[in-house]
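Novice:
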Amino acid sequence: HANGVFNIEGGCYAKTVGLTREKEPEIYDAVRFGSILENVGFDEMTGEVDYDDTSITENTRVAYPLKFIPNALIPAKTEHHPKQIILLTCDAFGILPPI
Numbered sequence: 196h197a198n199g200v201f202n203i204e205g206g207c208y209a210k211t212v213g214l215t216r217e218k219e220p221e222i223y224d225a226v227r228f229g230s231i232l233e234n235v236g237f238d239e240m241t242g243e244v245d246y247d248d249t250s251i252t253e254n255t256r257v258a259y260p261l262k263f264i265p266n267a268l269i270p271a272k273t274e275h276h277p278k279q280i281i282l283l284t285c286d287a288f289g290i291l292p293p294i
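Under our numbering, the first residue of the sequence shown carries the number 196, and numbering increases by one thereafter.
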């Protein structure tokens, strides 16, 4: 974008394994109607989510709108370009230099 950087999706994506309100209150409270849980176990009778259930995978996630986060800047944009960008990745072969 010519005038700065912005969030294209308008949302967030977070890992949920072991999620508690004490550890991550904003993410925990964002899990509500309108969010999407992925690979997360739950009790079929009560609908209660079990963030410690890793029977499917440890790669459990939630996607939610940015507006679910208190004090989020909406629209999510800045009027300048970043000076540095850090790409977080899992480099199994040791090719990328460490930061």
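Virtual Cβ for every residue (Gly too), placed ideally from N, Cα, C.
(1) Is it buried or exposed, I294, if we count other Cβ atoms within 10 angstroms and call 16 or more buried?
(2) Is the CB of V244 under 7 Å away from at least one CB in chain D?
(3) Does the distance from the C-beta atom of L261 to that of A271 stay below 7 Å?
(4) C207: buried (16+ other C-beta within 10 angstroms of its C-beta) or exposed?
(5) If A225 sits next to I264, beta carbons under 8 Å apart, how far is it from one beta carbon to the other, in whole angstroms?
(6) May I ask you to list the residues that DSSP assigns as paired with D212?
(7) Less than 7 Å between the beta carbons of A209 and I231, yes or no?
(8) Kindly list the residues whose CB is nearer than 6 Å to the CB of I222, restricted to its own chain and excluding five residues on each side of it in sequence; keep chain order.
(9) Between the C-alpha atoms of D247 and T241, what's the straight-line distance to the nearest angstrom?
(10) Would you kindly work out how many angstroms separate the C-alpha atoms of T249 and N234, rounded to a whole number?
Specialist: So, from the listed chains and residues:
(1) I294 comes out exposed.
(2) The displayed structure is made up of one protein chain only, and chain D is not part of it.
(3) The criterion of a C-beta distance shorter than 7 Å is satisfied by L261 and A271.
(4) Classification for C207: buried.
(5) Going by Cβ atoms, the distance from A225 to I264 rounds to 6 Å, so yes, they are a contact pair.
(6) One detail in the question is off: residue 212 reads as Val in this sequence, not Asp. Partner(s): none; V212 has no beta bridge.
(7) No, the Cβ-Cβ distance between A209 and I231 is not below 7 Å.
(8) Excluding sequence neighbours, I222 sits near A209.
(9) One C-alpha to the other measures close to 16 Å.
(10) One C-alpha to the other measures close to 8 Å.
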